[in-house]
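To start, the structure itself, in C-alpha cells.
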Amino acid sequence: MTRNLQYGKILLFTTLVIFAICMGSIAYSYVYRAICAIRYPQPLDYGEGPILNQVRYILQGRNFYKDINSPPYIVGNYPPVFHLFSILLVPIFGISFATGRTIAFLAVIVTACIIYKIVLYFTGNKLASFLSALFYLAIDYIYVWGIYMRIDTLSILFNILGVYWVIRYEDDYRRLRWCVLFFLLALYTRQSMIAGTAGAYLYLLTKDRKTAGKLIGYTALYGALVFIFFTLITKGQFYLHIVKYNNNIFTLRQLWFFMSKELFTYTVFTIASLVTSIIWLWDKKKRIISLYFISAFLVQLTVGKVGSMLNYLIEPVCIMGIIAGILVGEALKKRNQIALVGVSLLILFQLANYYYGPNTLSWGWKPSPPPIALDNYVEETDGLILAENLGILPAHNRDIYFDPFIFTQLYYQGMWDQSKIVEEIREKKFDLIMLEFSLYYDHWSDSDRWTKEMKQAMYENYYLMDTQGYIRVYKPIR
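Numbering of the sequence shown is given in our numbering, commencing with residue 105 and proceeding in unit increments.
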C-alpha cells in the first residue's frame, strides 16, 4: 500500500514539475515581452491611444467626458482610476505608453502574489500556491493583453485584492471594511468589474447579514457619491460616456468566437471549476471562491459586445487557476492513490489542451523596431491628422481628433450624425490620413471602424503616399 502511495505521489510531483516548466517558460516570455513593450514608443493596441490621450487631457486640466457632437470626436470609455495611476509615472517616463504599460505589468505581478496568498490560505501548501500564481502569469490572454496600456489588469488586481481581504479579515470588521475601497477602485477602473464585489458580498450574506448589509450600504453610498460628483462636474457627460456610449451591439457570433477559445483551450480547468464551484456552495470556507468564479463566468458573457476582446476572459481563467491550486493542495494531503493519479492525469490533459487548443499565444506582439517613418510623418505634419492607429498622435503630444471605432458604432446605433466628419474628409481638412487597410480594395462597405461614406470620401479625395508595415499613409489630392 505504501509503495503504491509513493507511485501516486511521484506521478503527481513529476506532473507538477512538468506543469511548472511549461507555465514558467510562458511566464518568462510574458515578462520579457512586457519589458520590451514598456520601451516601445508606438501603440501596440487600438485602445492604448485613447487612454494616453485622456492622460494628456487630465494633465492639461481638460475634460474628455465631453459633448460628442463637436470636435474633437472622442469618448471616455472608462472611469479615470487607471489614468490617475498612470500619471504617477509621468515624472519617470514622460507622457508615453510606458506609464500605463508599467502599471498594467506591475498589476499582473501583484495579482500573482495575491493569488499565491489566497491558495496558501486555503491549502497551506507553498508548491500549489506557487503554481497557481505562475499559471496566472502564463495565461495566454495575459501574454497578449498584459503588456498593453489598458485598464483590465489593474481592475482585476483591485477585484481580487478585495476578495482576498474578505477571506483574510471576515472576522475583523475594522479591517474588513477596507474591502469597500478595493471594490470601488475596481469599479472605477472598469465599470463592469463587479464579479469580485458580487461574489464577496453574496458570501458575507450567507455568513453575517448585518455585516454584509453594512458593507453593501457603504459601497453603494460611496460609489453613488463618486458617480454624482463626476456626473455633476462633467454636466452629465460622465454617465453618457461610461454607460450609454458603451452599449455596443451584442452578437452571439462574437460571444461564441471568444468563449470557444476559452472552452477549447481550458476545457479541463473549465469543467473542473464549474463542478467544483457547485460543490463548494455547500462548503462554508470555500464558498467565496465558488461565488466569485460563478459571478466572473457570468460577467465574461458580455464579451459578445462588438468591440470586446480577450480582456473579458482573463478574470474567470484566473479564478480557475486558484481553484486548481486548491484542488492540488488538497490532493497532496490525501492518501488515496486514485485521487493522486486522477489529479495528475487531469493536469496532463489540461497541458495538452492548452498546447493543442486554440490558445492566443500567436496573437502576441513580437518585439521589433518601430516604423520610424510614421513618427516622422506625424512630426512633419502641421495640420490635422486622421489616424486609425490612434496612439501615434498622443505619443507625439497631439490630440486625437476622431475615434473611428467608437463613433462608427454610435452612428450605427443612431446616436451620432456622421455628416460633419464625412464633409471634413471631402473638404480635405486632414493633411494626413493613416489607415490599417487599403482604400483601393475596400472603399464601398461598412466596417466596425469606418462607414462606407467615410471610406468613399477618403478614396475620392486622398491618394496613397506610403506604406509602413500594415499602415497605409494617405495625403489629400491637390
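Beta carbons: idealized from backbone N, C-alpha and C, even for Gly.
| Check | Outcome |
| --- | --- |
| Ala456, buried or exposed, once every other Cβ within 10 Å from all chains shown has been counted against 16 | exposed |
| Inter-residue Cα distance where the pair is Phe189 and Phe286 | 14 Å |
| Three-pair Cβ contact test at 8 Å for the stretch 386-403 versus the stretch 191-209 | no |
| Cα-Cα separation, Met105 to Arg272 | Note that Met105 scores a pLDDT of 44, beneath 50, so its modelled location is shaky; the value from the coordinates is reported in the next line. Their backbone Cα atoms lie some 39 Å apart in a straight line. |
| Reference Asn157; option with closest CA among Leu494, Lys532 and Tyr396 | Leu494 |
| Element boundaries [beta strand (DSSP E), containing Phe168] | Looking at the DSSP string, Phe168 is not in any beta strand (DSSP E), and its letter there is neither H nor E. |
| Those residues which DSSP pairs with Lys579 across a bridge | Tyr567 |
| Classification of Val347 by the beta-carbon crowding that lies within 10 angstroms, buried from 16 upward | exposed |
| Reduced DSSP category for Met538 - H, G, I as helix; E, B as strand; rest coil | strand |
| Cβ neighbour criterion (16 or more within 10 Å) applied to Phe453 | exposed |
| Classification of Leu514 by the beta-carbon crowding that lies within 10 angstroms, buried from 16 upward | buried |
| As assigned by DSSP and simplified to three states, the class of Tyr144 | coil |
| Beta-bridge pairing of Leu241 - partner residues as DSSP gives them | DSSP output for Leu241 lists no bridge partner at all. |
| CB contact check: Lys524 to chain E, cutoff 8 Å | The structure shown contains no chain E; it holds only a single protein chain. |
| Within 8 Å, strictly: CB atoms of Tyr247 and Asp149 | no |
| Residue interval of the alpha helix (DSSP H) (run including Val476) | One detail in the question is off: residue 476 reads as Ile in this sequence, not Val. Where Ile476 is concerned, the enclosing alpha helix (DSSP H) stretches over Ile476 to Glu484. |
| Nearest-angstrom beta carbon gap, Leu235 and Leu306 [assumed within contact, 8 Å] | So it is not a contact: roughly 28 Å between Cβ atoms. |
| Rounded distance between the beta-carbons of Ile178 and Phe168, thought under 8 Å | 6 Å |
| Run of the alpha helix (DSSP H) containing Ile207, from where it starts to where it stops | Phe201 to Thr227 |
| Nearest-angstrom Cα separation, counted from Leu478 out to Met562 | 19 Å |
| Assigned secondary structure, Ile353 (DSSP; H/G/I helix, E/B strand, else coil) | coil |
| Contact belief for Ile504 with Pro176 at Cβ below 8 Å, rounded distance in angstroms | 6 Å |
| Boundaries (first-last residue) of the beta strand (DSSP E) holding Leu490 | Leu488 to Ala491 |
| Cβ separation of Tyr268 and Thr315, assumed to be a contact under 8 Å, to the nearest whole Å | Not a contact, Cβ separation roughly 17 Å. |
| For Arg416, the three-state DSSP class (helix, strand or coil) | As written in the sequence, residue 416 is Tyr, which differs from the Arg given in the question. Helix. |
| Under 8 Å between C-beta atoms of Met127 and Ala242 | yes |
| Buried versus exposed call for Arg205 [16 or more other C-beta atoms within 10 Å across all chains shown] | buried |
| Reduced DSSP secondary structure (H/G/I, E/B, other) of Tyr515 | helix |
| DSSP beta-bridge partners of Phe333 | Phe333 pairs with nothing; no bridge assigned. |
| DSSP-derived helix/strand/coil call for Tyr134 | helix |
| Collapsed DSSP secondary structure at Gln572 in the structure displayed | strand |
| Euclidean distance between Cα positions of Phe262 and Ala290 | 5 Å |
| Selected residue, minimal CA-CA separation from Ile332, among Leu359, Thr310, Tyr292 and Ser296 | Tyr292 |
| Asn157: first and last residue of the uninterrupted alpha helix (DSSP H) it sits in | Glu152 to Leu163 |
| Nearest-angstrom Cα separation, counted from Ile427 out to Ser70 | Limits of the chain in this structure are 105 at one end and 582 at the other, which puts residue 70 out of reach. |
| Cβ distance (whole Å) where Tyr458 is taken to contact Thr369 below 8 Å | 6 Å |
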